[in-house]
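Visitor: Chains as they are written, first to last, in the numbering used here: chain C, 701 to 971; chain U, 185 to 443; chain H, 84 to 352.
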Amino acid sequence: MKLGNPRMRAGATIVGLIVLIASISLIWTPFSINDMSGGRLISPSWHHWLGTDTLGRDQLSRLMIGSRIAVLVGVSSVLIGLLVGVSIGLLAGFAQRRIDDLVSSILDILIAFPTLLLAMLIVAARGASRISAILAIGFGISAVFARLTRLLTRTILSKDFITAARISGTSWPRIVLLHIYPNIWPTLLVAAALQFGIAGLAEASLSYLGLGAPPPNDSWGSLLQQAQNTVYTSPLAAIVPGLLLIILVVGVNLLADGLRLNFDPNLRGRS
Amino acid sequence: MITFHGVYFSYTPKQPTLRDINLEIIAGRNLGIVGESGSGKSTIMSLALGLHRPLTGTIDFEGESLNFVNKEFRLNYRKVVQAVFQDPYSSLDPRQKVIDIVGESLVSLGIASGGSRDWLREQVVSVLHSVGLSERDLLKYPREFSGGERQRIAIARAIISRPKILLADEPVSSLDVTNRQLILELLKKLRKEFGLTIAVISHDLSVIASLCEETIVVERGMIVESGETERVLSQPSHQYTKKLLRAVPRLPPEIELLK
Amino acid sequence: MSALFIENLAIETKLGEKLVDSLSFELVPGGRVGILGESGSGKSLTSLAITGLLDSNLKATGSIRYNGVEYVSANERDFCKVRGSGIGIVFQDPLASLDPLMKIGNQLGKPLRKHQGLRGDELTAAVEAALAEVKIASPYRTAHSYPHEISGGERQRVALALALACRPKILIADEITTSLDVSVQAEILLLLESIIREKGMSLIFITHDIAVASQIVDDVLVLRNGTLIESGNLRLVLATPKSDYVRTLIASARSLDQLLGKIEQSRAK
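1. Using three-state DSSP, classify LEU954/C as helix, strand or coil.
2. Where does the unbroken alpha helix (DSSP H) through LYS142/H begin, and where does it stop?
3. Is LEU321/H helix, strand or coil by DSSP?
4. Bridge partners for VAL240/U per DSSP, in chain order?
5. Using a Cβ-Cβ cut-off of less than 8 Å, list which residues of the segment 391 to 404 of chain U approach chain H; keep chain order.
6. Of the choices TYR154/H, THR207/H, PHE174/H and GLN348/H, whose alpha-carbon is the least far from that of ARG238/H?
7. Under a Cβ-count criterion, where at least 16 other Cβ atoms within 10 Å of its own Cβ denotes burial, should VAL253/U be classed as buried or exposed?
8. Out of THR754/C, VAL931/C and ALA833/C, point me to the one whose CA is closest to GLY774/C's CA.
9. In three-state DSSP terms, what is ARG968/C?
10. Helix, strand or coil for ASN316/H, going by three-state DSSP, please let me know.
11. Would you say ALA712/C and LEU948/C are within 8 Å of each other, going by their C-beta atoms?
12. Could you list the residues in the segment 108 to 119 of chain H with a C-beta less than 8 Å from some C-beta on chain U, going in chain order?
13. Going by DSSP, what residue range makes up the beta strand (DSSP E) through GLU208/U?
14. One question on the structure: do ALA143/H and LEU92/H come within less than 8 Å of each other, judged by their Cβ atoms?
15. DSSP state of ASP758/C, grouped into three classes?
16. Are any of the Cβ atoms in chain H nearer than 8 Å to that of THR425/U?
17. Of all the CB atoms in chain H, is at least one closer than 8 Å to the CB of VAL361/U?
18. Just reading off the alpha helix (DSSP H) that LEU810/C is part of, what are its end residues?
19. Could you work out which residue in ASP204/H, SER221/H and SER285/H is closest to ASN150/H when comparing CA atoms only?
20. Contact criterion: CB-CB distance below 8 Å. Does SER300/U meet it with respect to chain H?
21. Can you name the residues of chain U whose CB is closer than 8 Å to the CB of ILE799/C?
22. Please list, in chain order, the chain C residues whose beta carbon lies closer than 9 Å to that of GLU288/U.
23. For a quick check, are the C-beta atoms of HIS668/C and PHE861/C less than 8 Å apart?
24. Between which two residues does the alpha helix (DSSP H) carrying ASP161/H extend?
25. Does the beta carbon of HIS462/U sit closer than 8 Å to a beta carbon anywhere in chain H?
26. Leaving aside the five residues before and after GLU220/U along the sequence, list all residues of the same chain whose C-beta is less than 7 Å from its C-beta, in chain order.
27. When the Cβ atoms of the segment 901 to 916 of chain C are set against those of the segment 805 to 823 of chain C, are three or more pairs found closer than 8 Å?
28. Check whether the segment 428 to 443 of chain U touches the segment 315 to 328 of chain H, counting contact only when three or more Cβ pairs, one atom from each stretch, lie closer than 8 Å.
29. Taking a Cβ distance cut-off of 7 Å, strictly less, list which residues of the segment 324 to 350 of chain U are near chain H, in chain order.
30. Which residues bound the alpha helix (DSSP H) around ARG307/H?
31. If I follow the unbroken alpha helix (DSSP H) through ARG346/U, where does it start and stop?
32. Using only alpha-carbon positions, find the residue among LEU98/H, GLY113/H, GLU121/H and ILE133/H that is nearest to SER107/H.
33. For PHE288/H, which residues does DSSP report across the bridge?
34. Determine whether the beta carbon atoms of ILE714/C and LEU954/C lie at a separation below 8 Å.
35. Closest to PHE528/U by C-alpha separation, out of ASN214/U, LYS348/U and ASP360/U, would be which residue?
36. Considering GLY411/U, what are the terminal residues of the beta strand (DSSP E) in which it resides?
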């Protein structure tokens with residue numbers, strides 16, 4: 701496994717930096733988020749590298765905490781998506797025609813269902829919180845993984861080497877472990893990387909609409925929303941969170957692309 | 185050894201794939217199953233391998249009806265009856281090394297559980313030599329081999345459990361002309377060395393003619409002719425067999441060319 | 084003036100790897116040339132180069148002269164003039180060459196409408212005539228079917244009809260019978276023979292099967308790994324092969340005959 705190509709390295713660097721910042725924020729930020737001593741809407745200065753917000757809180761600290769949320773939501777919703785989605789996908793991949801048709805139709809409906817609408821439903825039931833957002837996004841992602849896993853599984857099951865394994869006396873559980881899993885995890889990994897970025901964006905949208913967790917633990921999305929009112933006087937407050945979101949998504953896409961280039965057996969070609 | 189009695193099978197209720205199939209694979213006499221696409225010839229192989237169950241009729245192995253629910257039967261059958269498939273590019277798991285591909289049946293059938301990893305390795309190396317490959321190929325991946333070599337790996341995988349019957353579905357159709365000859369020769373050699381009986385499924389009459397003593401001709405799910413290969417090909421009695429023989433493109437006879 | 088004149092054709096990848104090297108041949112009007120080779124020999128690439136359909140990361144050098152005009156580095160617009168009315172091409176997999184979402188009649192109607200300016204009832208009649216020309220059993224039914232609703236042999240006939248729609252002078256047939264059953268193959272070859280003869284077309288027939296080639300071509304080019312290893316009149320090559328490779332091809336094609344011959348001999352005893 702080569703730590704191959706430039707795209708993968710670039711993507712990994714960007715994502716890695718963001719994760720690093722997020723981790724650091726757990727133990728230290730320049731100022732506490734509850735510290736409102738900074739003075740209202742000060743421009744970037746030596747004290748406050750990115751200025752302060754309307755309540756005098758340090759922007760940099762808020763952004764660092766925001767990164768933590770982006771990573772947290774990204775990782776947890778992707779994990780939920782993987783666990784739930786891959787299981788359903790595997791079952792659908794093995795299922796008989798009719799059950800498979802049924803499951804596929806349900807998945808298609810779920811995928812077509814807007815994540816935001818789903819989020820609103822969950823929020824209405826549980827109240828706005830980080831967990832509601834994670835659940836909503838996780839559900840949406842699991843449908844995507846389920847459909848992907850189902851397709852991959854079916855494709856592999858149609859190959860002769862699966863028949864050969866059955867002829868060799870290999871039991872179905874072992875076939876899944878030895879033959880199916882190794883052939884699907886690279887694609888799932890790439891998909892996970894992509895979904896991580898999408899989850900981050902989804903969370904930002906939810907927060908922007910006020911469906912995410914309330915302040916002071918603000919994600920980049922809610923920071924964007926709050927910066928709306930002061931965009932002319934303090935443009936930096938609006939630009940930076942958006943910029944960071946873009947960087948995160950670009951980084952994740954580069955990483956996913958690089959991973960795909962590294963792992964995709966088709967691209968390696970035949971001898 | 186393997187007998188089909190009045191087997192009837194279909195994938196969908198509307199269209200029967202196989203109707204009233206009666207055939208016998210006799211020890212020591214290679215059987216050729218000739219047919220075009222849609223004839224059901226590959227389905228015969230799937231049924232013989234126990235991948236599907238006939239809707240009516242029975243399939244017997246050495247007098248006993250096939251019973252894959254019975255673990256003992258299953259383990260024994262899988263050891264004794266093996267298969268090689270048509271497409272060398274999809275019959276090997278691209279993510280497995282050669283040693284794991286070839287040794288899989290020994291592991292899954294419990295034959296290797298007594299021995300060590302070294303013993304398994306020895307077995308794989310020995311069978312790789314038999315098919316004309318070497319020890320250096322053990323840790324390589326399928327993508328590092330050509331079509332002909334992959335087919336050899338597939339054959340090695342099939343014979344490692346010392347089966348008595350080898351079912352081969354279009355074993356050389358996907359190969360280029362040089363490899364075709366080599367693989368056919370290899371199959372003949374292994375037949376002698378390992379005491380194998382081979383059942384070959386093919387649309388190519390020359391393949392059947394060179395490997396099999398007995399032949400059955402399948403058209404749209406029914407056997408239209410069967411008998412000794414020599415007789416079937418030189419004095420075909422059924423219209424369809426005659427049609428197949430006529431349709432094979434032939435080079436102009438040598439005598440004509442010398443003019 | 085020859086219909087098609089190829090000189091020192093070479094096809095390279097961007098990295099300089101030569102997929103076809105120094106290929107030269109001439110196709111006279113009414114002539115039939117077979118390009119014989121296995122997969123990877125460069126045979127299909129040659130036909131793609133002639134019709135300007137090479138992948139963008141491949142480059143053709145040398146000379147491709149059609150009707151006296153040099154085409155090897157022509158642009159897409161120039162090639163469009165050649166394709167269809169000059170050179171028609173039929174590929175191996177009819178399922179891939181036909182649009183799965185369009186009825187056969189509509190697909191065939193497109194080139195007919197464009198090149199012959201037909202409309203309405205005239206167009207419908209022309210479509211059915213085109214299908215009848217390739218010996219489709221029921222032109223009306225086929226015209227109203229989708230590609231997956233008809234058999235492989237019928238699809239290949241439709242693909243042939245499509246290639247002939249603009250009345251090309253040269254037909255390139257790239258492994259057109261390879262995916263077909265042997266009995267269907269025989270029918271398609273007969274059809275091809277009659278159409279070529281009737282219309283006085285030239286033919287480039289690409290195949291890996293020397294016996295199939297011998298049914299229909301006069302001259303042959305044997306390609307291996309991108310290089311021409313033997314060429315000339317087919318019967319001459321069969322009678323006096325110069326390379327081991329061609330000898331193997333011939334032996335393989337004769338194997339059924341030989342085995343049947345042996346059977347005859349042992350029976351005679």
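Just so it is clear, CB atoms sit at the ideal spot from N, CA and C, and this is done for glycine as well.
Keep in mind it's a predicted model, so treat the numbers as computed, not measured.
Guide: According to the structure shown:
1. helix
2. Taken as a continuous stretch (DSSP letters only), LYS142/H belongs to no alpha helix (DSSP H), being part of the beta strand (DSSP E) at 141 to 149.
3. helix
4. Position check: residue 240/U holds Thr in this sequence, whereas Val was assumed. Paired residues: TYR192/U.
5. ALA393 and SER394
6. PHE174/H
7. exposed
8. ALA833/C
9. Model confidence at ARG968/C stands at a pLDDT of 44, short of 50, so the residue's coordinates are unreliable and nothing is read from them.
10. strand
11. no
12. none
13. For GLU208/U, the uninterrupted beta strand (DSSP E) run begins and ends at 202 to 209, by DSSP.
14. yes
15. strand
16. Contact with chain H is absent for THR425/U, since none of that chain's Cβ atoms lies less than 8 Å from the residue's Cβ.
17. yes
18. Here the alpha helix (DSSP H) through LEU810/C covers 797 to 812.
19. SER285/H
20. no
21. What ILE799/C touches in chain U: nothing, since even the nearest Cβ is about 17 Å away.
22. In chain order: ALA864, ALA865, SER868, GLY869, THR870 and LEU878.
23. Look at the range of chain C in this structure, 701 to 971, and you will see that residue 668/C is not part of it.
24. 159 to 165
25. The structure shown does not extend to residue 462/U, since chain U is modelled only from 185 to 443, so the question has no answer here.
26. HIS387
27. Yes, the segment 901 to 916 of chain C is in contact with the segment 805 to 823 of chain C.
28. yes
29. none
30. Counted as a single uninterrupted DSSP element, the stretch harbouring ARG307/H is not any alpha helix (DSSP H) but the beta strand (DSSP E) occupying residues 302 to 307.
31. For ARG346/U, no alpha helix (DSSP H) segment is defined, and its DSSP state is neither H nor E.
32. Nearest C-alpha to SER107/H: ILE133/H.
33. GLY117/H and ALA256/H
34. yes
35. The structure shown does not extend to residue 528/U, since chain U spans only 185 to 443, so no value can be given for it.
36. 406 to 412
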